[in-house]
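Asker:
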Amino acid sequence: MIIKENKKSAIFAGIAGVVLIILSIIAVFEGYGGSAVFGLVVGVISVLACVKKLLSNNFLEILDDGFVIEKNKKMAKFNFKDIKKIDTKTMESKKNIQVLNIEFKKPYKGEDKFNFLRFYCDKEAVLPDIYEKSFYEITKILKDSLENQKSDSLKA
Numbered sequence: 409m410i411i412k413e414n415k416k417s418a419i420f421a422g423i424a425g426v427v428l429i430i431l432s433i434i435a436v437f438e439g440y441g442g443s444a445v446f447g448l449v450v451g452v453i454s455v456l457a458c459v460k461k462l463l464s465n466n467f468l469e470i471l472d473d474g475f476v477i478e479k480n481k482k483m484a485k486f487n488f489k490d491i492k493k494i495d496t497k498t499m500e501s502k503k504n505i506q507v508l509n510i511e512f513k514k515p516y517k518g519e520d521k522f523n524f525l526r527f528y529c530d531k532e533a534v535l536p537d538i539y540e541k542s543f544y545e546i547t548k549i550l551k552d553s554l555e556n557q558k559s560d561s562l563k564a
């Protein structure tokens, strides 16, 4: 199963950048000079960044034996045999901020580990909430896959 990155925010930011470009062009003709040119440059840079984001192919792929995260043409695979527990965790109880928490059996060693998961200690990390499905759905899918992997390894 492939879950693509949510790109709605990039679409909205791109639209705002186009509006900024149009307003800056109007301001140039109205004689606002430097500030209008600055707005035009910022608008062009923001539109280019949004186009780059929209053309990127970032996703989370859930396999039988683990999951793969691709981000900026780099990939990392996390095997279920190395994962102890997948669950939601409340980070700040007053605001009820919950995250998808992944606890590894031993410290995870990876060069680019921070590009794919957000590690806050050696054995625990959170998955960023940037995908099209909610992190509750992703948590359920990953937990089910982890349980299936554990039951298959017990049978073998």
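For the sequence shown, position 92 matches number 500 in the numbering used here, and the numbering has no gaps at all. Built from N, CA and C at the ideal position, the CB exists for glycine as well.
(1) Would you kindly work out how many angstroms separate the C-alpha atoms of Glu413 and Val450, rounded to a whole number?
(2) If you draw a straight line from the C-alpha of Met409 to the C-alpha of Gln506, how long is it?
(3) Quick one: grab the DSSP three-state call for Lys493.
(4) Can you give the Cα-Cα distance for Ile494 and Ser501, rounded to whole angstroms?
(5) Which class does Leu525 belong to by DSSP, given the choice of helix, strand or coil?
(6) How would you label Cys458, buried or exposed, when you count the other beta carbons within 10 angstroms and need 16 or more for buried?
(7) By DSSP, does Leu462 sit in helix, in strand, or in coil?
(8) CA-CA distance, Ser443 and Ile419?
Answerer: Taking the geometry as given:
(1) For the pair Glu413 and Val450, the Cα-to-Cα distance works out to about 25 Å.
(2) If you take the alpha carbons of Met409 and Gln506, they lie about 24 Å apart.
(3) Lys493 falls in the strand class under three-state DSSP.
(4) Straight-line measurement puts the Cα of Ser501 at about 19 Å from the Cα of Ile494.
(5) Collapsing the DSSP output to three states places Leu525 in coil.
(6) The residue in question, Cys458, is buried, as its Cβ has 16 or more Cβ neighbours within 10 Å.
(7) Secondary structure of Leu462 (DSSP, three-state): helix.
(8) About 25 Å.
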